[in-house]
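Heads up, the sequence shown is in my numbering, so the first residue is -3 and it goes up one at a time. Working notes for the structure below.
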Amino acid sequence: MNCIRLLLSVNPILIDAQNREEKTALHLAAQSGQAEVVSHLLSCGASLIKDCNGYLFVNYATRAKEKEVLIAVIQHARWTEVLLSVSVGCCPVFECIQYLPECASMALDRSITDKGYKTVYDFSLLQFAVEKIPVYEETLGQKYPFLPILRHMVNLNRVSLLTHPLCEAYLSMKWYEIC
């Protein structure tokens, strides 16, 4: 860790330097399960850059089931920026639900805040941004589904996520809009 701090203090441009596969230090740290390094690089302002395959660092962490890396991301100040980024046609929340549902639950927990006498729900993790729909449809070659994040939970039988208070509040809100 000291070596990374020293390198970045001497040459800050290294933070977003890419190798032949267009991977950055974030990609390499996530692939090797270096949670502390990932957190430090995010704190230093590392850009969320896609590699030559169109993957972000968080895609590698989730697919390799690097739980500690995902926990570091969820605990970081830039957590929503990372989890809502689009790569290869979907956002990392989809992969988190599929490969690391316990981390997805932590992210849902973080989306609920108690403000004294009221509870505030941030539904951004459950809503697939409208501007991302054309990318989704073009990349995956299928029509954009209604409530894609919740549908993904259903398809994977993630009952514990579907019964999470954030998901229940979101569904209640949707039903209220319909009625």
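By construction, the Cβ of each residue, glycine as well, lies at the ideal position given by its N, Cα and C atoms. Please read all numbers here as calculations on a predicted model, not as lab measurements.
query	result
Cut-off 8 Å between Cβ atoms - residues of its own chain near tyrosine 51, not counting five sequence neighbours on either side	His23, Ser83 and Val84
8 Å contact criterion, which isoleucine 67 and methionine 149 should meet: CB distance rounded	Wrong, their Cβ atoms sit about 20 Å apart, outside the cutoff.
CB of leucine 44 within 8 Å of CB of glutamate 77, strictly	yes
For leucine 214, the nearest candidate out of Asp47, Asp118 and Asn49 (CA to CA)	Nothing in the structure corresponds to residue 214, since the chain is present only between -3 and 175.
Closest by C-alpha distance to cysteine 86, when choosing among Val6, Gln123 and Glu32	Gln123
Residue environment, aspartate 110, which counts as buried when at least 16 other CB atoms sit within 10 Å	exposed
Buried versus exposed call for serine 107 [16 or more other C-beta atoms within 10 Å across all chains shown]	buried
Best match in Leu146, Met169 and Asp12 for proximity to valine 116 [C-alpha to C-alpha]	Met169
Coarse secondary structure for lysine 46, derived from DSSP in three states	coil
Cα-Cα separation between phenylalanine 53 and glutamate 91, rounded to whole angstroms	12 Å
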